[in-house]
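Line order of the protein sequences matches chains Z and W. Quick note: our numbering has the first sequence finishing at residue 255, numbered continuously throughout. Quick note: our numbering has the second sequence finishing at residue 311, numbered continuously throughout. We treat Cβ as the ideally placed atom computed from N, Cα and C, and that holds for glycine. Have a look at the structure below before the remarks.
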Amino acid sequence: MSQSPLEINNISVAYQKKPVLRDITFSIPEGKLIGIVGPNGAGKSTLIKAILGLIPRLSGEVKIYGKPYKDQLKKIGYVPQRESVDWDFPTNALDVVTMGRYGHLGWFKRPGKKEKEIAMESLRKVGMQDYANRQISQLSGGQQQRIFLARALAQDATLYFMDEPFVGVDAATEKAIITLLDELKKQGKTVLVVHHDLATVKEYFDWVMLLNETLRAIGPAEEVFTADMLQETYGGRLAVLDKQKESSFVLA
Amino acid sequence: MTWFEILKEPNIQWILWACTLLGIGSGVIGSFAYLRKQSLMGDALAHVALPGVCIAFLLSGVKSIFLFMLGAMVMGIISTFIMSYITRKSRIKQDTAIAIILSVFFGLGIVLLTYIQHNANGNQSGLDKFLFGQAATMIRSDVIVMAIISAILIVICTLFFKEFKLASFDAGFAKGLGYPVALIEQLIMFLIVIAVVVGIQAVGVVLMSALLITPAVSARYWTEKLGLMVFLSGLFGGVSGVIGTIISASGNNLPSGPLVVLSATGIFVFSILFAPSRGVVSKFLLRQSVKRKVEKEKQMQLRERGSSI
Numbered sequence: 004m005s006q007s008p009l010e011i012n013n014i015s016v017a018y019q020k021k022p023v024l025r026d027i028t029f030s031i032p033e034g035k036l037i038g039i040v041g042p043n044g045a046g047k048s049t050l051i052k053a054i055l056g057l058i059p060r061l062s063g064e065v066k067i068y069g070k071p072y073k074d075q076l077k078k079i080g081y082v083p084q085r086e087s088v089d090w091d092f093p094t095n096a097l098d099v100v101t102m103g104r105y106g107h108l109g110w111f112k113r114p115g116k117k118e119k120e121i122a123m124e125s126l127r128k129v130g131m132q133d134y135a136n137r138q139i140s141q142l143s144g145g146q147q148q149r150i151f152l153a154r155a156l157a158q159d160a161t162l163y164f165m166d167e168p169f170v171g172v173d174a175a176t177e178k179a180i181i182t183l184l185d186e187l188k189k190q191g192k193t194v195l196v197v198h199h200d201l202a203t204v205k206e207y208f209d210w211v212m213l214l215n216e217t218l219r220a221i222g223p224a225e226e227v228f229t230a231d232m233l234q235e236t237y238g239g240r241l242a243v244l245d246k247q248k249e250s251s252f253v254l255a
Numbered sequence: 003m004t005w006f007e008i009l010k011e012p013n014i015q016w017i018l019w020a021c022t023l024l025g026i027g028s029g030v031i032g033s034f035a036y037l038r039k040q041s042l043m044g045d046a047l048a049h050v051a052l053p054g055v056c057i058a059f060l061l062s063g064v065k066s067i068f069l070f071m072l073g074a075m076v077m078g079i080i081s082t083f084i085m086s087y088i089t090r091k092s093r094i095k096q097d098t099a100i101a102i103i104l105s106v107f108f109g110l111g112i113v114l115l116t117y118i119q120h121n122a123n124g125n126q127s128g129l130d131k132f133l134f135g136q137a138a139t140m141i142r143s144d145v146i147v148m149a150i151i152s153a154i155l156i157v158i159c160t161l162f163f164k165e166f167k168l169a170s171f172d173a174g175f176a177k178g179l180g181y182p183v184a185l186i187e188q189l190i191m192f193l194i195v196i197a198v199v200v201g202i203q204a205v206g207v208v209l210m211s212a213l214l215i216t217p218a219v220s221a222r223y224w225t226e227k228l229g230l231m232v233f234l235s236g237l238f239g240g241v242s243g244v245i246g247t248i249i250s251a252s253g254n255n256l257p258s259g260p261l262v263v264l265s266a267t268g269i270f271v272f273s274i275l276f277a278p279s280r281g282v283v284s285k286f287l288l289r290q291s292v293k294r295k296v297e298k299e300k301q302m303q304l305r306e307r308g309s310s311i
C-alpha cells in the first residue's frame, strides 16, 4: 500500500490567546480532490498555513508521504489567497509563474530557458498563454487567480494546497480551475482546496473535510456532506433548501 | 570655472565619487525597501544611527568614522530586531513600529548629543554634523569605504536577486518553498542599515531616507520589470550624486548632500510627469484619445441610426 500523502497528528493553533484549531488529526488517501468546508473563522486557511509551516503551531506533527515536511518540499504545491500579494509589483505573468520553479533551483541560480518553458506550458494549461507578457496589475481577478494556479502547476508537485481559489472569479476561471483539478486528479495527484460555496461541493470534490475549530468529519463526500453533519458544523446557522434532487444549502 | 575644471579639482573628485557611489548603492537596495512597503524604514534607521554614533563616541572618546559606523550599524541591527519582534509578537503594525523606533531612538540620540556637548573635552565638536551631514569633509578614505560598501550592496542584490524578489512579492509562497524568509528579510534590512550608515556622513540623518526611496519611486515609473527597475534606481541615484556635487561645486557654497537629494527629487518630478504609460502626461494624452474615439463611435452610431430610419 502506498503512503498517505498527508498525515496530520494533533495540530493545534492559536492566535494570541484564542485557539483557532484544536487537536486536528487526520490522514488522506492519494489521488483525491478534497474540499475543506466550514463557516467563516473556522480555521480553514489557518489549517493550510499551519501544515505548510507559514504560521507557528502550538503542537502537532505533519507527515508528507511519511516524512517530515522539510524533506518533502518539492512534492508540495501551494496556491495562496489572491489578496495576499501586491499585484502592482513590477513583474509580468510569465515571471510570476516561473517563481513556481524557484524551489527546484538552488541558491543564486537564475531561472533559464528550461524554467521559462515549463512556466509557459503551465500558463497554457490554465488558458493564459496569451497573457504571458502582461503586467500583473493589468489582469482581472480571475486571471490573477489562474496565474497563481499556473505557478503551482509549475511546481510540479504531487500534493497541492489551494486557499480559496474560487473566491471572486468569473465563470470562465471557475471552469478552468475545475478542468485543472480533474486533470490533476487523473495524474494521481492529491489536492486540498479551501472552499466556500456549499452548493458546488458535491459536484467538485470526492472527499470533504468539515472544519470548525475542531475536525467535525472527513471522508467521501456522499458520506460526510449531509444535512445533519453540516448543521452540526455550522452550529445550526444553516437553512437547508430542498429545491431539487440535490440539496442546496444557504447560510441563514 | 567651467564644469570640466571643477571636476579636475582633487577634493571635488572625492566628493563626486562618494556621492555617486552612495547614490548607486542606496538606489539599488532602496528598490527593495520601497517594494516591500518599507519606505520609512530607511528614515527610521537613519535616526537610529544617531544614538549609535553618540555611544561609540562616549565609549571610545575619539572621533573615528570607523567607530561611528560600527556604533550606527550595531544600533541599526538592534532596532531592526526590535521592530520585527514588535510586529510579530504584538498587534502593532509595521508603520507604527517604525514610528515608535524612530522617535525613541532619535530622542535618545539627542539626549546623548546634548550630554556630550555639555561635558565637553573639546574633542566633540563636529559630532552634530551627523545630523545634517557634510559631504564637503569627505576624503579619500571615506570614498574607499563607500566604494566597498556600494560594491557589497550591488553584489549581494545581484546574487540574491531571485530570493529577494520572491520574498518581496509573496513571502507566504516563498516560505512554502522552504525559503528562510525571516533570514532573507533580515538580510535586506541589514543592507538598508549599511547603506544608511555610509550615507549619513554625506547627507545626514534627516535626508538619508530620500536617497533610498526617491530613486526607487522614480525608477518604478519607467518600467514594469524588477531587474530594470533596480538598475534604473541605481542609475538615478548615481546621476543625482553627480548633478548634486557639480551644482554644489560650481560656487555659492551650497551644501552638496542636500543638493544630491534635490537632484533626485528633480528626477522624480520629471518621471512622474513624463514617464511612458505611468506618467501624468502620457495618462492624460491616453485618456484624451480614448475620449475622442468613444465620441467618434457615438457619432457614427447616431448617424447610422439616423440613416436607417
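For chain W, is any of its Cβ atoms less than 8 Å away from the one on residue i?
i         : result
Z:Leu-152 : no
Z:Leu-76  : yes
Z:Ile-79  : yes
Z:Asn-215 : no
Z:Thr-3   : Residue 3 of chain Z lies beyond the residue range present for chain Z, which begins at 4 and ends at 255; the question has no answer from this structure.
Z:Ser-48  : no
Z:Gln-138 : yes
Z:Met-102 : yes
Z:Leu-55  : yes
Z:Arg-113 : yes
Under the assumption that residue i contacts residue j (Cβ atoms under 8 Å), give the Cβ distance between them as a whole number of angstroms.
i         : j         : result
W:Met-77  : W:Val-50  : 5 Å
Z:Pro-114 : Z:Arg-104 : 6 Å
Z:Val-197 : Z:Ile-51  : 6 Å
Z:Ile-31  : Z:Thr-193 : 7 Å
W:Phe-59  : W:Leu-129 : 6 Å
Z:Leu-24  : Z:Thr-49  : 6 Å
Z:Ala-153 : Z:Val-100 : 5 Å
W:Val-219 : W:Ala-48  : Contact doesn't hold; Cβ gap of about 17 Å is too wide.
W:Met-210 : W:Ile-202 : 6 Å
W:Gly-25  : W:Ser-242 : 5 Å
Z:Leu-108 : Z:Tyr-81  : About 17 Å separates the two Cβ atoms, so there is no contact after all.
Using a Cβ-Cβ distance cut-off of 8 Å, determine whether residue i contacts chain Z.
i         : result
W:Lys-164 : yes
W:Lys-10  : no
W:Met-43  : no
W:Leu-37  : yes
W:Leu-228 : yes
W:Leu-161 : yes
Where does residue i land, buried or exposed, given buried means 16+ other C-beta within 10 angstroms?
i         : result
W:His-120 : exposed
W:Ile-141 : exposed
W:Gly-63  : exposed
W:Pro-53  : buried
W:Asn-13  : exposed
W:Trp-16  : buried
Z:Pro-59  : exposed
Z:Val-88  : buried
Z:Thr-236 : buried
Z:Asp-98  : buried
Z:Tyr-18  : exposed
W:Arg-294 : exposed
Any idea what DSSP makes of residue i, helix, strand or coil?
i         : result
W:Ala-277 : coil
Z:Gln-247 : Legend: pLDDT at Z:Gln-247 = 44, less than 50; position of this residue unreliable, value from coordinates given subsequently. Z:Gln-247: coil per DSSP, three-state reduction.
Z:Gln-138 : strand
Z:Thr-236 : helix
W:Lys-39  : coil
W:Ser-62  : helix
Z:Ala-45  : coil
W:Ile-194 : helix
W:Ile-269 : helix
Z:Tyr-18  : strand
Z:Thr-176 : helix
Z:Met-131 : coil
Z:Ala-160 : coil
Z:Met-4   : Because the pLDDT of Z:Met-4 is 46, which lies under 50, any placement of that residue in the model is unreliable, and the question is left without a value.
Z:Gly-34  : coil
Z:Lys-81  : For the sequence presented, residue 81 of chain Z should be read as Tyr rather than Lys. Here Z:Tyr-81 sits in strand by DSSP.
W:Pro-217 : helix
Within the present structure, is the beta-carbon of residue i separated from the nearest heavy atom of the ligand MN by less than 7 Å?
i         : result
W:Gly-239 : For the structure depicted, the ligand MN is absent and the ligand set is empty, with no information on it obtainable.
Against residue i, what residues of chain B qualify as contacts under a CB-to-CB distance less than 7 Å, listed in chain order?
i        : result
Z:Val-88 : Any reference to chain B falls outside this structure, whose protein chains are Z and W.
- Query: If contact means a Cβ-Cβ distance below 7 Å, which residues of the region 210-226 of chain W contact chain Z?
  - Reply: Of all residues in the region 210-226 of chain W, those with a C-beta nearer than 7 Å to a C-beta of chain Z are Arg-222, Thr-225, Glu-226, reading in chain order.
- Task: Using a Cβ-Cβ cut-off of less than 9 Å, give me the residues of the region 123-135 of chain Z that come near chain W, in sequence order.
- Result: Cβ contacts with chain W: none found.
- Item | Proximal residues, the region 169-182 of chain W versus chain Z, C-beta separation under 7 Å | Those residues of the region 169-182 of chain W that come within reach of chain Z (Cβ to Cβ, closer than 7 Å) are Phe-171, Asp-172, Gly-174, Phe-175, Lys-177, Gly-178, Leu-179, Gly-180.
- Listed in chain order, which residues of the region 59-85 of chain W have Cβ atoms closer than 8 Å to some Cβ of chain Z? Residues are counted here when their Cβ sits less than 8 Å from a Cβ of chain Z; for the region 59-85 of chain W the count is zero.
- When you check each C-beta in the region 154-172 of chain Z against every C-beta of chain W, which residues fall closer than 7 Å? Within the region 154-172 of chain Z, no residue has a Cβ that lies closer than 7 Å to any Cβ of chain W.
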